[in-house]
């Protein structure tokens, strides 16, 4: 869910629209969204693990002197349709990699700013909440 969707939900709850049917529909919608997000996260974790395993196997194969050390990584990227297919795409992938490295370096150098003022900073806390009656 986007931040604006969460803001819409908070506004709906704050507007004293405590119709039980509305709240039940809202709760069901939120549970559906959470389940979708959980499944998406599990899928992404699976992809990440497979890619990490292929990358580690590639490095191990290089260290062991395997004749085709990139085979593991090429296979995994091929399964996902992520192999660059031409000089232009190769150049784009390399440019993207340089940009990503620069962004990560900048993030690691910049201090994290936390502002304690403003309405957007409010967060729900705790594991138990009650709805107004």
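Residue numbers (the working numbering): 935 to 1067. Don't be surprised by glycine CBs; every beta carbon is placed ideally from N, CA and C.
Secondary structure of residue i, DSSP reduced to three states
| i | result |
| --- | --- |
| residue 1014 | coil |
| residue 936 | coil |
| residue 957 | helix |
| residue 976 | helix |
| residue 969 | helix |
| residue 1040 | helix |
| residue 1029 | helix |
| residue 991 | helix |
| residue 996 | helix |
| residue 986 | helix |
| residue 1002 | coil |
Anticipated Cβ contact below 8 Å, residue i with residue j, distance rounded
| i | j | result |
| --- | --- | --- |
| residue 988 | residue 1010 | 4 Å |
| residue 1018 | residue 1008 | So it is not a contact: roughly 11 Å between Cβ atoms. |
Same chain, Cβ closer than 7 Å to residue i, neighbours up to 5 away in sequence not counted
| i | result |
| --- | --- |
| residue 1003 | 992, 995, 996 |
| residue 984 | 1010 |
| residue 1061 | Unreliable positioning characterises residue 1061 in this predicted model, as indicated by a pLDDT of 45, which lies under 50. A coordinate reading is not provided. |
Neighbourhood of residue i by C-beta distance below 6 Å, restricted to the same chain and skipping five residues each side
| i | result |
| --- | --- |
| residue 960 | none |
| residue 1055 | Low per-residue confidence applies at residue 1055: pLDDT is 46, beneath 50, and the placement is therefore not dependable enough to give any value. |
Own chain residues within Cβ distance below 8 Å of residue i, not counting five before or after
| i | result |
| --- | --- |
| residue 946 | 956, 960 |
| residue 1045 | none |
| residue 981 | 1014 |
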